[in-house]
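Numbering (the numbering used here), first residue to last: 151 to 295.
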Amino acid sequence: MVRAYRSAVINAPVQKVWATIRDFNALPSWHPAIAKSEIEGGRASDAIGCVRSFSLKDGGHLREQLLALSDVDHSFSYSILVSPMPVKNYVATFRLTPVTVGNGTFTEWWADFDVTSGSEDAMVAQIGDGVFVGGFKALQEKLAA
151 MVRAYRSAVI NAPVQKVWAT IRDFNALPSW HPAIAKSEIE GGRASDAIGC VRSFSLKDGG
211 HLREQLLALS DVDHSFSYSI LVSPMPVKNY VATFRLTPVT VGNGTFTEWW ADFDVTSGSE
271 DAMVAQIGDG VFVGGFKALQ EKLAA
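Take a look at the structure:
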């Protein structure tokens with residue numbers, strides 16, 4: 151099992167960042183790689199166990215299940231059920247912490263997973279830099295606007 155971990159500081163208050171990412175179905179509104187998303191079965195997007203089905207702009211399709219969500223800790227965890235990436239046992243967490251000097255937010259996003267084919271290092275870089283860092287940059291741009 152490997153871990154992809156990335157962190158960044160977003161120049162916006164934690165409440166504003168949390169309001170943007172809390173909705174498990176909101177990926178298309180802030181992540182540049184996501185084309186569209188829907189919650190299966192008409193469930194609420196903050197219901198533990200709900201499944202989001204989404205399409206990437208490059209045509210890939212994923213299904214992810216919400217495992218935990220905490221408004222107190224400003225965090226959520228999810229697992230990948232279906233992915234075009236060669237991964238299994240994928241569980242990720244996205245967590246926000248207020249920066250105590252200033253009005254920023256320390257963001258962390260990590261995932262533990264097994265790589266089913268190809269290089270572990272390449273997959274960690276693809277997820278860490280492509281998915282996580284790409285998301286952080288897009289959040290910064292969206293919240294600065």
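All C-beta atoms in this analysis are idealised placements derived from N, C-alpha and C, irrespective of residue type, glycine included.
Annotation for residue 171: no beta strand (DSSP E) segment contains it, though the alpha helix (DSSP H) segment containing it runs 164-171. Counting along the chain, the unbroken beta strand (DSSP E) around residue 238 starts and ends at 237-248.
For residue 283, same chain residues with a beta-carbon under 6 Å away, outside a window of 5 residues either side, are 156 in chain order.
Just measuring C-alpha positions, the residue of 278, 263, 264 and 256 sitting nearest residue 166 is 256.
Within its own chain, the residues whose Cβ lies closer than 8 Å to the Cβ of residue 270, once the five positions on either side in sequence are excluded, are 152, listed in chain order. Rounded to whole angstroms, the Cβ separation of residue 224 and residue 159 is 14 Å, and the two are not in contact under 8 Å.
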